[in-house]
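One structure is given here, and the rest of the page talks about it.
Dropping the structure here:
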């Protein structure tokens, strides 16, 4: 593992161990993703799954779900019990070959955490694993990193910047309800 990967993993090991960081925004984010991307049951890979609750929601609705995160300190017990056998520890730009190709990807509040030098290789790796990916990307600085003396949002950029980066890898990029500081974008092959 490279030094930067080790540093990022260590940072998130500490962050996920911080009381109060393991919150979940609820099923509305996943519902919006499913409404925008597909109908029926599909295979889904969640990139940067955090607590695993988004993946668990999709799994409970009958989808074939896989998940990954840079650390295993993030998973809540109920997600680990249901999907721990489908969880991989890895940074996004180095997705393990053992993760199967899926029809759809979900990547919520993750890309802004990726070091800028990994953004392009992360999009390339995601595109190899899924045909369509729904991204929620925050365009402002983080508020939790201060609790461990770290910066969590390493790539804070405009929506246009993110769209331009995505178009280097995806045939089409759709803005599907971005707000002022949160960009909802879908990349399709």
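Numbering (our numbering), first residue to last: 124 to 312. Note that beta-carbon positions come from the ideal geometry of N, C-alpha and C, so glycine has one too.
### Query
Helix, strand or coil: which one does DSSP assign to residue 207?
helix
### Task
Please classify residue 310: does DSSP put it in a helix, a strand, or coil?
strand
### Task
Mind the definition here: the stretch 202-221 touches the stretch 243-260 only if three or more C-beta pairs lie below 8 Å; say whether that holds.
yes
### Query
For residue 305 versus residue 278, is the C-beta distance shorter than 7 Å?
no
### Query
Is the CB-CB distance between residue 172 and residue 257 below 7 Å?
no
### Query
What's the call for residue 185, buried or exposed, on a 16-neighbour Cβ count within 10 Å?
exposed
### Message
Please return the same chain residues whose Cβ sits closer than 8 Å to the Cβ of residue 274, not counting the five positions on each side in sequence.
### Response
264, 265, 268
### Message
In this structure, how does DSSP classify residue 154 when only helix, strand and coil are distinguished?
### Response
helix
### Task
Note down, one range per segment and in chain order, each beta strand (DSSP E) of at least 3 residues found wholly within the stretch 196-270.
210-212, 225-231, 253-261
### Query
How would you call residue 291, buried or exposed, if buried means at least 16 neighbouring beta carbons within 10 angstroms?
exposed
### Task
Look at the alpha carbon of residue 127 and the alpha carbon of residue 180, and state the distance between them as a whole number of angstroms.
32 Å
#### Entry: For residue 188, the first and last residue of its enclosing beta strand (DSSP E)
187-192
### Task
Can you say whether residue 169 is buried or exposed, counting buried as having 16 or more other CB atoms within 10 angstroms of its CB?
buried
### Query
Where does the unbroken beta strand (DSSP E) through residue 167 begin, and where does it stop?
166-170
### Task
Under 6 Å Cβ to Cβ from residue 219, same chain only, skipping five residues before and after it: list those, please.
211, 213
### Query
At a cut-off of 6 Å, is residue 256 close to the ligand ATP when judged by its beta-carbon and the heavy atoms of the ligand?
The ligand content of the structure shown is nil, which means the ligand ATP is not present either.
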